[in-house]
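*Asks:* Residues in the sequence shown are numbered consecutively from 1, following full-length UniProt numbering.
The beta-carbon is built from N, C-alpha and C at its ideal position, and this holds for glycine as well.
The structure is given below, and queries will be raised subsequently.
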Amino acid sequence: MILQCYTNSLHSFVVVKAYQYTSLTSVMLLDCWAIPAVIFLTWMFLKTKYRFRKNSGVAICVAGLVLVVFSDVHAGDRAGGTSPVKGDILVIAGATLYAISNVSEEFLVKVGDQVELMGMLGLFGAIISVCQISIFERSEIESIQWSVDAVPFVGFAVAMFMFYSLVPILLKISGSTMLNLSLLTSDMWAILIRVFAYHEKVDWMYYVAFGAVAIGLVIYSGDSNNDDKRGQVAEATDVEGKLPDEEAAVDPKCQGAASSGIRQLDDGKTPPTVRPKERHAQTC
């Protein structure tokens, strides 16, 4: 639990730090590394099987994000960083940490109590975050001017509280891969805010990218119910094949042997006649 909280907190710190060194476009693109990392980790440790339809949905979602990056370049919005290589390494490291955090949280929320998980995440996450701030961001905290301009940070804190409160629910229902694919839409909502709140113009490729991500999510999640039903049927079949006949309290092979040696007349009045059968190797 402590390791899961540490990776989650460290991911946020590393990715935010990367914005100081590389461009926004690079962060958006490289942060997608969390998706293949999550797919690999869930396949390796949670034994999740991905069908062709789900892989197609993932590919379409990633293609939509690539369109967002290309639209930034086409519109001339790309801004360079002071140390792009360092920033890119930080983004890749942060995406890997986020994938580890999501997969471990998915495992914990499916085998444990959801309320207890959220409580432990909040407790240990707060302690770890305070330690990180006191070590790495002490000078930044001291330089903050506590005025009315700092009020929007309260809204940011509320939004993050709601996000981390709802993440365990989504992980339990759909899994960590669906969570990371859904997070791709955050860039699209940012575009809508730019258009309607700040009245900025965006490239037409943004809208194509938004549609691609939405279609990819529908394709990925569309076959989940069928997969769950197939898994439940297969599991039930395996259990029935392994368990003996509980109602008769005998072995299925013995029950078949006994029933084949008993014949009853159609009128139901004559007692059944038992015909001798050959001895079986197993005694019932």
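1) Report the rounded CA-to-CA distance for P84 versus L90, giving the unit in angstroms.
2) Between the alpha carbons of V38 and S104, how many angstroms are there, rounded?
3) My understanding is that M120 touches S165, with C-beta atoms under 8 Å, so please give their C-beta distance in whole angstroms.
4) Could you check if D88 is buried or exposed, using at least 16 other CB atoms within 10 Å of its CB as the buried criterion?
5) Quick one: is K47 buried, meaning 16 or more other Cβ sit within 10 Å of its Cβ, or exposed?
6) Have a look at I219 and C131 and give me their C-alpha separation to the nearest angstrom.
7) Taking the alpha-carbon of C32 as reference, which of V111, I169 and A95 has the nearest alpha-carbon?
8) Look at the alpha carbon of F136 and the alpha carbon of A18, and state the distance between them as a whole number of angstroms.
9) Quick one, are the C-beta atoms of residue 295 and L65 less than 8 Å apart?
10) With distances taken Cα to Cα, identify the nearest neighbour of I191 among W204, R51 and M44.
11) Shortest alpha-carbon distance to A209 belongs to which of D113, T82, L67 and A99?
12) Looking at G112 and C5, is the spacing between their C-beta atoms short of 8 Å?
13) Would you tell me roughly how many angstroms separate the C-alpha atoms of G57 and P168, rounded to the nearest one?
14) Taking 8 Å as the threshold (C-beta atoms), are S101 and N180 in contact?
15) Work out the CA separation of Y21 and M44 for me, nearest whole Å.
16) Run through the region 157-198 for me and flag every whole alpha helix (DSSP H) of 4 or more residues, listed as ranges in chain order.
17) Apply the 10 Å Cβ neighbour rule to S176 and answer buried if 16 or more other Cβ atoms are within range, or exposed otherwise.
18) Do L184 and C61 have their C-beta atoms within less than 8 Å of each other?
19) Please report the straight-line C-alpha distance between A150 and V158, rounded to a whole angstrom.
20) Taking just the CA atoms, how far does M188 sit from K201?
21) Would you report the Cα separation of V213 and K54, rounded to the nearest angstrom?
22) Using alpha carbons as the reference points, say which of S186, E116 and K49 lies closest to F163.
23) I133: which of F13, M178, L3 and E116 sits nearest, CA to CA?
*Replies:* Result, derived from the coordinates:
1) Here residue 84 refers to the residue found at position 84 when the sequence shown is read from its first residue. Here residue 90 refers to the residue found at position 90 when the sequence shown is read from its first residue. Cα to Cα, the separation comes out at about 10 Å.
2) Along the sequence shown, read from residue 1 onward, the residue named residue 38 stands at position 38. Along the sequence shown, read from residue 1 onward, the residue named residue 104 stands at position 104. So the two alpha carbons sit approximately 10 Å from each other.
3) Here the question's residue 120 lines up with position 120 in the sequence shown. Here the question's residue 165 lines up with position 165 in the sequence shown. About 13 Å separates the two Cβ atoms, so there is no contact after all.
4) Locating residue 88 in the sequence shown gives position 88, where the first residue counts as 1. It is buried - the Cβ of D88 has at least 16 other Cβ atoms within 10 Å.
5) Against the sequence shown, residue 47 aligns to sequence position 47. Classification for K47: exposed.
6) Within the sequence shown, numbered from 1, the residue matching residue 219 stands at position 219. Within the sequence shown, numbered from 1, the residue matching residue 131 stands at position 131. Answer to the nearest angstrom: the Cα atoms are 42 Å apart.
7) Stepping through the sequence shown from its first residue, residue 32 is reached at position 32. Ranking V111, I169 and A95 by Cα distance to C32 puts A95 first.
8) Reading the sequence shown from its first residue, position 136 is the one you call residue 136. Reading the sequence shown from its first residue, position 18 is the one you call residue 18. Cα to Cα, F136 sits roughly 14 Å from A18.
9) Not covered by the structure: residue 295. The range shown for the chain is 1 to 284.
10) As a first step, residue 191 must be located in the sequence shown, where it is residue number 191. The candidate whose alpha carbon is nearest that of I191 is W204.
11) Taking the sequence shown and counting its residues from 1, the one referred to as residue 209 is at position 209. Considering only alpha carbons, the answer is L67.
12) For the purposes of this step, residue 5 is identified with residue 5 of the sequence shown, where counting begins at 1. For the purposes of this step, residue 112 is identified with residue 112 of the sequence shown, where counting begins at 1. In this structure, G112 does not lie closer than 8 Å to C5 by Cβ.
13) Reading the sequence shown from its first residue, position 57 is the one you call residue 57. Reading the sequence shown from its first residue, position 168 is the one you call residue 168. Near 22 Å, if we compare the C-alpha coordinates of P168 and G57.
14) For the purposes of this step, residue 180 is identified with residue 180 of the sequence shown, where counting begins at 1. For the purposes of this step, residue 101 is identified with residue 101 of the sequence shown, where counting begins at 1. Contact flag unset, no.
15) The residue you call residue 44 lines up with position 44 of the sequence shown. The residue you call residue 21 lines up with position 21 of the sequence shown. If I take the Cα positions, the gap works out to 33 Å.
16) 176-183 and 185-196
17) As a position in the sequence shown, residue 176 is number 176, starting the count at 1. S176 comes out buried.
18) In the sequence shown, residue 184 corresponds to position 184, counting from 1. In the sequence shown, residue 61 corresponds to position 61, counting from 1. Yes, the Cβ-Cβ distance between L184 and C61 is below 8 Å.
19) Along the sequence shown, read from residue 1 onward, the residue named residue 150 stands at position 150. Along the sequence shown, read from residue 1 onward, the residue named residue 158 stands at position 158. Roughly 14 Å separates the two Cα atoms.
20) Working through the sequence shown from its first residue, we reach residue 201 at position 201. Working through the sequence shown from its first residue, we reach residue 188 at position 188. Computed Cα separation, rounded: 14 Å.
21) Along the sequence shown, one-based indexing puts residue 213 at 213. Along the sequence shown, one-based indexing puts residue 54 at 54. Cα to Cα, the separation comes out at about 13 Å.
22) To locate residue 163, count along the sequence shown from 1; it is residue 163. If we check each option's Cα against that of F163, S186 comes out closest.
23) Translated into the one-based positions of the sequence shown, residue 133 becomes position 133. Taking only the C-alpha atoms, the option nearest I133 is F13.
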